[in-house]
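Comments concern the structure below.
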Amino acid sequence: LDKNNSNVASEDYIMESDENLSHEKHGPVWAWNEWDPLEEVIVGNVNGATVPPFTVEVKANTYAKHWEFFRKHGGTSFPEGYLKKANAEIEEFCNILKHEGVEVKRPDNMDFSQVYQTPDFESCGMYAAMPRDILLVIGDEIIEAPMAWRSRFFEYRAYRSLIKEYFKGGAMWTTAPKPQMADELYDQVYPIRSVEDRHRLAANGQFVTTEFEPCFDAADFMRAGRDVFVQRSQVTNYMGIEWMRRHLEKKGIRLHTLSFKDPNPMHIDATFNIIGPGMVLSNPDRPCHQIEMFKNAGWDVIHPPNPLISDDHPLWMSSKWLSMNVLMLDPKRVIVQSTETSIRKLFESLGIECIPVNILHANSLGGGFHCWTCDIRRNGELESYL
Ligand code: NVA
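Per our numbering, the very first residue in the sequence shown carries number 257; after that it's consecutive.
Structure follows, in structure tokens:
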């Protein structure tokens, strides 16, 4: 809209403009942290969700009690009954977000069971359930993560319709270097048999991904304005971190590598979830080795209570700590699993209003509210919090 064009009635202009929405000021993609008021979000979908083949990188990221499940179902649909219930839960989650004033976008449907072959490997896909794993928004830029699992090589395709629209609207669009995912990217004899093995390997800084080439998942990053945090994990290697460090440095953003006492690091948002300016949920089972940096900066380091989800409920691809994998709608409102009453009480004691939603069956696919979403626009500016 040309403000100087005298043919444009000034009244129309005033009606169409809303200076308070960040879209008007910054375009369709704009988010610097995890808590500014949420205006638009992508929510994943269950359609076509396929159990990944049981490869070495999947084994290193899952728990022994589920290995039989992967051996049996790899390459076929997740159990239909679960998908149906997960789908209903996620639809309701979307309705609640809309009711709270958030614009909701969904990825395209794909057949993830389709087998693909590259010069380096063969696999089928997995799903488009967890946009947080693959997309990272920093300011007006949307970054497609390279990913580290072979079953996730083509996952970006489900988001391309949306990303092209954002690009047309003015957003910056970056894809990190695509890994070959040749055998050299993985430690083919990663010696994992027990929880003790996991602790020992993680403590020694030994991971299933090598340094053959950069790889990372977007969910290993946590944003707080001028400071972004990342962990070396089973899916994010040091070359991937270095690629992002150089990329973000150009925008004046400092990338800090954190580490945790975690036998199975993969995706930081059930370990260290920043929920407000100077406020972080820090998993008590996974102490952060650099926590003094936050305490010295005056941050509130909050240890969430133990998750309440029952041992019987299948979580094929995650720990129980999805309870702290919450989505902030703004600094005073949080979407939280309805059955997790302990963490709900914690939020209330902090003066944060809980919006309870039930996604227990969606949890079985490996994520909570933070994983199931990618915030595209939050209304706020780039600031320093550290
Ligand atoms: N892999 C981590 C994060 C999941 C969001 C876990 O299972 O706790």
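Glycine included, each C-beta is placed from N, C-alpha and C at the ideal position.
First through last residue of the beta strand (DSSP E) which encompasses residue i
i    : result
A438 : Unbroken run through A438: none, as it is neither H nor E.
C610 : E609 to V613
M478 : F477 to A480
T431 : M428 to T431
I448 : Here I448 belongs to no beta strand (DSSP E), and DSSP marks it neither H nor E.
Residue i - partner residues in DSSP beta bridges
i    : result
H512 : F485
G395 : A287
I530 : V536
N301 : A384
I591 : L583 and I611
V371 : C380
E296 : E359 and R633
I558 : L537
E400 : L391 and T431
C627 : Answer is none; C627 lacks a bridge partner.
S640 : G481
C544 : F516
Rounded C-alpha distance that separates residue i from residue j
i    : j    : result
K424 : D396 : 13 Å
D367 : S579 : 30 Å
I632 : P570 : 30 Å
P309 : P293 : 39 Å
I565 : K576 : 7 Å
L602 : F625 : 17 Å
N619 : S594 : 13 Å
C627 : S407 : 17 Å
K588 : I599 : 15 Å
I591 : N301 : 18 Å
D443 : H512 : 26 Å
M437 : G607 : 46 Å
H617 : A342 : 5 Å
H329 : V307 : 6 Å
Y412 : N351 : 25 Å
F485 : S333 : 34 Å
E469 : G496 : 8 Å
L391 : I399 : 6 Å
L353 : N303 : 20 Å
S417 : A305 : 19 Å
E505 : P543 : 27 Å
P519 : A287 : 31 Å
M549 : M535 : 13 Å
E356 : E604 : 18 Å
D389 : A414 : 13 Å
V312 : F516 : 23 Å
A432 : R501 : 12 Å
G647 : G623 : Since the first and last residues shown for the chain are 257 and 642, residue 647 lies out of range.
V299 : L621 : 14 Å
G381 : K321 : 23 Å
S510 : P335 : Looking at the sequence shown, residue 510 is not Ser but Arg. R510 and P335: Cα-Cα distance of roughly 42 Å.
M428 : G283 : 10 Å
E359 : S538 : 29 Å
N460 : D556 : 29 Å
Buried/exposed call for residue i, threshold 16 Cβ in 10 Å
i    : result
H523 : buried
Q487 : buried
R634 : buried
D364 : exposed
H545 : exposed
V393 : buried
S278 : buried
G337 : exposed
A475 : buried
E324 : exposed
E378 : exposed
T430 : exposed
P560 : buried
V451 : exposed
E440 : exposed
S574 : buried
K372 : Residue identity differs from the one stated: residue 372 is Tyr in this sequence, not Lys. With fewer than 16 Cβ atoms within 10 Å of its Cβ, Y372 is classed as exposed.
E421 : exposed
Start-to-end residues for the alpha helix (DSSP H) that takes in residue i
i    : result
F349 : E336 to H355
D364 : Premise fails: D364 is in no alpha helix (DSSP H) and is neither H nor E.
I419 : R416 to K424
F326 : W323 to H329
V314 : V312 to A316
D525 : Premise fails: D525 is in no alpha helix (DSSP H) and is neither H nor E.
I565 : Element bounds for I565: n/a, residue is neither H nor E.
D453 : V451 to A459
Y494 : Y494 to E505
K601 : T597 to S605
F643 : As shown, the chain starts at 257 and ends at 642. That puts residue 643 outside it, with no answer to give.
E548 : I547 to N552
H282 : S278 to H282
A618 : L616 to N619
Min CB distance residue i to chain C below 8 Å
i    : result
A404 : The structure shown contains no chain C; it holds only a single protein chain.
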